[in-house]
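What follows is a set of notes on a single structure, which appears directly below.
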Amino acid sequence: MKFMYFFLPSIPATPEERKALRPIAHHTERIQKMFDEVVEISKMAEDLGFTGVGFPEHHLHTEGMEFGSLPVLTQHVIHHTSTLSVGPIGYVLAGWNPLRLALEIAWLDQLTKGRTHVGFARGYQSRWLNQMAQKLNIGATLSDQSEVDKNNREAFEEVFQILKLAWKDEPFRFKGKHYQYPFPYEEGTPWGASEWTRTHGSPGEIGENGNVQAIDIVPKPYQKPHPRLFQAFSASDETIGWCAREGIIPTIFVADHDRVRHLAELHVREAKTVGRDVTFGESIGVLRGMYCADNMENAKKLLTAGMVGYGFRNFFHQFGFTEGFRTEEDNRKYGDQPLPLSECTTERMIDSNFALAGTPDDIRRGLDKLIEAGNPEWFIWQGDQGLLPFDELKAMIEKVGKEVLPHYR
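For the sequence shown, position 338 (counting from the first letter as 1) is numbered 885 according to this note's numbering, and the numbering increases by one without interruption.
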């Protein structure tokens, strides 16, 4: 099993400080402290045997939690480490120009000699995505099968197809609903240096009329055909099947072990439909919390102060993320209604298998059950940087690294 520490890069502060210093994201010294913590944790993770670290992409978070990862943050962490794979899980595709994203990723992969991975996400936060994707008339989605959701998925898949074409070792043409390459598509793009490009550029770039007829991004990625690909936090059969067919590692955001097993089996079947022969759990990741202490009581205190107390109760619950912890009993009790805030508790996180908590032995027992259910190749640890006191956080990471990870590498 490969372990990745997943940051929600957060400005270090207590809940009281976030109120007193609002908006805390305006405070440069706090931003710098966040960078220092992210680098120090990444170095620890590398020394302890983690395979990688990851980030989300989110913006405009004046409250100081869950700052996004742009390529520069990934490069900053890579510069301060030696072996870690570093990258986002993931870029919200509807918010990017696909050619610019293909180039940013390829440049980063070349500059770091292949020490980056790439994740993709559809985007659920309207505060920033609706601004960045306005020219496409694409909005954030909660995967609710609405018209907005369908448009978002359409744009997501179109950008993904362009990325794959752009990373091939040949020029490409593409005509979709939102983008066309070259532009304009039929007659091509006028280009004054056409004879120079016809002689020295890629074969097929220039048409008979002297216009650009195909696009060829350079540089190509260092890793071939491209960096390792992840899909952010997936729960549906549709998404898991799509990932299996496209060669993307889904990050399963489902706590119930029976559901994890179902998705892992589905992944194997869907991969075979396109000739991919993967074993049970191969190329699958799961997202989980992990709270390791000398006893269960102290582990629960960490969980309550971190993911539950600040993250889920204040923020993630508003977007329906507790649905990943839904049980059959919840279905009978609440029907189609979302789980109420009262259900976002420390005990539910543990009982649902989403948070592995307790002593190192407790954590290992939880991991063993997860492996029995889905045998995931990747374990992505939902971290609490910026939410927990830094010394306590480092002590927990060290305990996991020394007393848990060696049993699974």
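Ideal Cβ placement from N, Cα and C applies to all residues, glycine included.
Inter-residue spacing [alpha-carbon to alpha-carbon] between residue i and residue j
i, j, result
"K580", "P556", "11 angstroms"
"T786", "E742", "45 angstroms"
"D877", "F730", "51 angstroms"
"V801", "I588", "26 angstroms"
"L648", "L710", "8 angstroms"
"Y552", "F862", "21 angstroms"
"G913", "I799", "16 angstroms"
"K847", "S632", "30 angstroms"
"L917", "Y728", "45 angstroms"
"I636", "E755", "42 angstroms"
"P797", "S690", "16 angstroms"
"Q672", "W643", "15 angstroms"
"H623", "E576", "18 angstroms"
"T736", "F550", "46 angstroms"
"P768", "D656", "6 angstroms"
"H627", "V586", "7 angstroms"
"W654", "L646", "12 angstroms"
"F866", "E734", "45 angstroms"
"R956", "N699", "38 angstroms"
"G794", "R669", "17 angstroms"
"D824", "V815", "8 angstroms"
"F597", "G948", "8 angstroms"
"I944", "D915", "19 angstroms"
"M837", "I762", "45 angstroms"
"M896", "N845", "15 angstroms"
Coil, strand or helix - residue i by DSSP
i, result
"Q657", "helix"
"P923", "coil"
"I558", "coil"
"L632", "Here the sequence assigns Ser to residue 632, which means Leu is not the residue at that position. In this structure, S632 counts as strand in the three-state DSSP scheme."
"Y881", "helix"
"L895", "The identity of residue 895 in the sequence shown is Arg, whereas the question assumes Leu. In this structure, R895 counts as helix in the three-state DSSP scheme."
"G867", "coil"
"R823", "coil"
"Y857", "helix"
"G670", "coil"
"W714", "coil"
"G794", "coil"
"K771", "coil"
"T972", "A query on residue 972 cannot be resolved here, the shown segment of the chain reaching from 548 to 956 and no further."
"Q932", "coil"
"K724", "coil"
"M943", "helix"
"T598", "coil"
"V586", "helix"
"Q778", "strand"
"R569", "coil"
Buried versus exposed call for residue i [16 or more other C-beta atoms within 10 Å across all chains shown]
i, result
"Q692", "exposed"
"V833", "buried"
"A592", "buried"
"A740", "exposed"
"F827", "exposed"
"Y881", "exposed"
"T893", "buried"
"G822", "exposed"
"P559", "buried"
"S783", "exposed"
"R674", "exposed"
"H573", "exposed"
"Q778", "buried"
"N842", "exposed"
"D909", "buried"
"T820", "exposed"
"S889", "exposed"
"V639", "buried"
"H608", "buried"
"T688", "buried"
"N684", "exposed"
"R879", "exposed"
"V619", "exposed"
"T621", "buried"
"E613", "buried"
Distance between beta carbons of residue j and residue i, contact taken as under 8 angstroms
i, j, result
"Q715", "E701", "Checking the sequence, you will find Lys at residue 715 rather than Gln. Contact doesn't hold; Cβ gap of about 22 angstroms is too wide."
"V951", "L776", "Rounded, the Cβ-Cβ distance is 27 angstroms, inconsistent with contact."
"T869", "C891", "5 angstroms"
"A791", "A811", "With a Cβ gap of about 10 angstroms, A791 and A811 do not count as contacting."
"P885", "K946", "That pair is no contact at about 35 angstroms."
"T630", "P774", "Incorrect: roughly 15 angstroms between the Cβ atoms, too far for contact."
"F707", "A713", "Contact doesn't hold; Cβ gap of about 11 angstroms is too wide."
"I578", "L650", "That pair is no contact at about 27 angstroms."
"Q994", "G661", "Outside the displayed range of the chain (548 to 956) lies residue 994, so it cannot be described from this structure."
"F872", "F901", "5 angstroms"
At a cut of 8 angstroms, does the stretch 562-574 reach the stretch 599-606 through at least three beta carbon pairs?
no
Can we say the stretch 921-938 touches the stretch 845-862, given the rule of at least three CB pairs closer than 8 angstroms?
yes
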